[in-house]
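**Q** The sequence shown: position 150 = 149 (numbering that gives the first Met the number 0), numbered continuously.
Submitted below is the structure of interest, expressed as structure tokens.
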Amino acid sequence: MNWNKSLVLAASLFAASLQVVQAQDNLINALKTNQNDNSKAGFTFTEIINLKNTSIKNQGSSGTCWSYSGNSFLESEMIRMGKEPVEISQIFSARNTYLGKAKNYVRLHGGLSLGEGGQFHDVLNAFRHYGALPQTEYTGLHYGSDKNNFGEMTNMLDAMLATFVKSKTLTPNWEKAYTAAMDSYLGEVPKNFQYKGKSYTPRTFADQVIGINPDEYVGIASVTDQPYYNKFVLLIPDNWSFDNFYNVQINDLTDIIDNALNNGYTVAWATDVSEKSFSWKNGVAYVPAKPFEQMTPQEQQEMFVGPKPEAKITAEQRQTAFDNYQTTDDHGMHIVGLAKDQTGKEYYIVKNSWGVTNDYKGYLYVTKEFVRYKTTSLLVHKDGIQKGLKSKMKI
0 MNWNKSLVLA ASLFAASLQV VQAQDNLINA LKTNQNDNSK AGFTFTEIIN LKNTSIKNQG
60 SSGTCWSYSG NSFLESEMIR MGKEPVEISQ IFSARNTYLG KAKNYVRLHG GLSLGEGGQF
120 HDVLNAFRHY GALPQTEYTG LHYGSDKNNF GEMTNMLDAM LATFVKSKTL TPNWEKAYTA
180 AMDSYLGEVP KNFQYKGKSY TPRTFADQVI GINPDEYVGI ASVTDQPYYN KFVLLIPDNW
240 SFDNFYNVQI NDLTDIIDNA LNNGYTVAWA TDVSEKSFSW KNGVAYVPAK PFEQMTPQEQ
300 QEMFVGPKPE AKITAEQRQT AFDNYQTTDD HGMHIVGLAK DQTGKEYYIV KNSWGVTNDY
360 KGYLYVTKEF VRYKTTSLLV HKDGIQKGLK SKMKI
């Protein structure tokens, strides 16, 4: 191996991957412009369903929304099952996912998207293969910070992997080196630990305390170029494991969510949040009747001042937005309830992982039309799906 070339390669990849690491912070900063100081006064929300969920968390400077929302979903599943919920270590799930992604990256000779992103099934797969830890036992905060900051770690890990696959002979030590680098940033994984006076391993904690069965959960997506109600591989960069999703029609997305909520099941929701009509600060997302570019400056200013008319989205419009990258898999959140505004329009109550920094202390109100338009995937317990649809899907 030519070490001078390898160092140059690692340095260039370090700089390039910095752009990926900064993407999450850039997205949040961009969304700060989608806001109005008088928004909350213009809405009156009445709760219809509000299922129990655990406290709002903050993923910090890390692209781990999928792990925070996926584990929040599992915590609500514990509540639904009559268990006392425990905050599950989001970083333990993420760490194990990064190792799995690294293995696929090496096997595909670098032909795989890296970065910190993932999908909800990654939480289930990590649970299935590695177990789980309580947050108190594995915070990933290894050097004095009270929030995640994955920038330096991700740069290092991505550069290491690129160097490995460029070598002519891959040594069996690459995985040890990669794991050691994660240990140095996130801390070593405890083999045994005490929780409420009992001794556990990650495996026994997952099985005995959390007690969910990963095989009971179903991934849902909606595209027009695959047969409906069959499984298919959703081709998005964060589906690095090439997991299957059930393909449903556009209106099935909200029908599934409605049925789940009405029967006590929350839903994990992956979506695009880059639209001007998604306001994190104001905690509202909808599909304007008029495109942002066609609005007057006054209309743009008042986008979030009270309920507004919405466009009706077709399956073809949804697919076009997905195909031309207008809809991308930006963010994962957790749908925990249903509300209506003063006009009677229904919104989903959505739990986020960006702290309690918006008008609704970490929650958002999202219209059904926005969900039909911008959803990339859902994760739900199979029994949260209506029987007729389950029959079509052969679940």
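We put the CB at the ideal spot given by N, CA and C, even for glycine.
What's the gap between the Cα of V350 and the Cα of G361?
**A** In the sequence as displayed, the identity of residue 350 is Lys instead of Val. One C-alpha to the other measures close to 6 Å.
**Q** Looking at Q299: is its Cβ nearer than 9 Å to the Cβ of K280?
**A** No, they are not a contact pair.
**Q** Please work out which residues of its chain come closer than 6 Å, Cβ to Cβ, to V355, disregarding the five sequence neighbours upstream and downstream, and give them in chain order.
**A** Cβ within range, chain order: I55, G361.
**Q** Contact check, S92 vs N57 under 8 Å by CB: the rounded distance?
**A** Their Cβ separation, rounded to whole angstroms, is 16 Å, which puts S92 and N57 out of contact at 8 Å.
**Q** Measuring only the C-alpha atoms, how far is E315 from I249?
**A** Distance between the alpha carbons of E315 and I249 is about 10 Å.
**Q** Return the chain-ordered ranges of every alpha helix (DSSP H) run that is complete within the segment 301-378 and spans a minimum of 4 residues.
**A** Runs found: 314-322, 367-373.
**Q** Taking all protein chains shown into account, do 16 or more other C-beta atoms lie within 10 angstroms of the C-beta of M181, making it buried, or fewer, making it exposed?
**A** Burial call: buried.
**Q** Let me make sure I understand the geometry here. Which of Y177, D254, M332, K373 has the alpha-carbon closest to that of D271?
**A** Residue K373 is the option with its Cα nearest to D271.
**Q** Can you name the start and end residues of the beta strand (DSSP E) that Y216 belongs to?
**A** That run of the beta strand (DSSP E) goes 216-220.
**Q** Let me check one thing: in DSSP terms, what residues is H380 bridge-paired to?
**A** Looking at the DSSP assignment, H380 forms a beta bridge with Y216.
**Q** State yes or no: is the beta carbon of Y199 nearer than 9 Å to at least one beta carbon in chain D?
**A** Absent here is chain D; the protein component of the structure consists of one chain.
**Q** So what's Y245 in DSSP terms, helix, strand or just coil?
**A** In this structure, Y245 counts as strand in the three-state DSSP scheme.
**Q** Would you list the one or two residues that DSSP bridges to T270?
**A** Answer is H330, T374, bridged to T270.
**Q** So, for P84: in the same chain, excluding its five sequence neighbours on each side, which residues have a beta-carbon less than 6 Å away from its beta-carbon?
**A** Same-chain partners within the cutoff: T53, E74, M77, I78.
**Q** If V335 and N49 are in contact, beta carbons under 8 Å, what's the gap, nearest whole angstrom?
**A** Confirmed, Cβ separation roughly 7 Å.
**Q** So, for S88: in the same chain, excluding its five sequence neighbours on each side, which residues have a beta-carbon less than 6 Å away from its beta-carbon?
**A** L132, Q134, Y137, listed in sequence order.
**Q** Using beta-carbon positions only, say whether G331 and Y67 come within less than 9 Å of one another.
**A** Yes, the Cβ-Cβ distance between G331 and Y67 is below 9 Å.
**Q** Output the boundary residues of the alpha helix (DSSP H) element that contains K389.
**A** First-last of the alpha helix (DSSP H) with K389: 386-392.
**Q** When the Cα atoms are used, what is the spatial distance from M80 to I47?
**A** Taking the straight line joining both Cα atoms gives about 21 Å.
**Q** How should E115 be labelled, buried or exposed, when 16 other C-beta atoms within 10 angstroms of its C-beta is the threshold for buried?
**A** Answer is buried; the Cβ neighbour count reaches 16.
**Q** Can you tell me which of K311, D358, L388, K393 puts its alpha carbon nearest to the alpha carbon of Q34?
**A** Among K311, D358, L388, K393, the Cα nearest to that of Q34 belongs to D358.
**Q** Taking N103 as the reference, give the member of D237, P213, M152, R127 with the closest Cα.
**A** Checking every option, the nearest Cα to that of N103 belongs to D237.
**Q** Under 9 Å between the Cβ atoms of A288 and P306?
**A** Not closer than 9 Å, so no.
**Q** If distances are taken between C-alpha atoms only, which option among G263, G110, T96 comes closest to H120?
**A** That would be T96, whose Cα lies nearest to the Cα of H120.
**Q** Mind checking N212: buried by the 16 CB within 10 Å criterion, or exposed?
**A** So N212 ends up on the exposed side.
**Q** Hey, out of L233, M152, Y194, whose CA is closest to D322's CA?
**A** The shortest Cα separation from D322 among L233, M152, Y194 belongs to L233.
**Q** Candidates F369, T342, L252, N262: which alpha carbon is nearest L388's?
**A** Looking at the Cα atoms, L252 is the closest of the given residues.
**Q** In the DSSP output, which residue or residues are listed as bridge partners for E46?
**A** For E46, which the question treats as bridged, DSSP gives the partners A338.
**Q** Pick out whichever of G186, V122, T200 has its Cα sitting closest to the Cα of F192.
**A** The residue with the shortest Cα to Cα distance from F192 is T200.
**Q** Does G62 pass the burial test, meaning 16 or more other C-beta atoms within 10 Å, or should it be called exposed?
**A** It counts as buried.
**Q** On a Cα-Cα basis, can you pick out the residue from F126, N148, S183 that is closest to D206?
**A** When each option's Cα is compared against that of D206, the closest is F126.
**Q** With a threshold of 16 other CB atoms inside 10 Å of the CB of D328, please say whether the residue is buried or exposed.
**A** With 16 or more other Cβ atoms within 10 Å, it is buried.
**Q** Using the DSSP secondary-structure output, state which residues sit across from S278 in a beta bridge.
**A** Answer is V283.
**Q** For F91, does the three-state DSSP call read helix, strand or coil?
**A** In the structure shown, F91 sits in a helix (DSSP, three-state: H, G or I).
**Q** Going by DSSP in three states, C64 sits in which element: helix, strand or coil?
**A** Helix.
**Q** Using the three-state DSSP reduction, which class does K100 fall into: helix, strand or coil?
**A** Helix, per DSSP.
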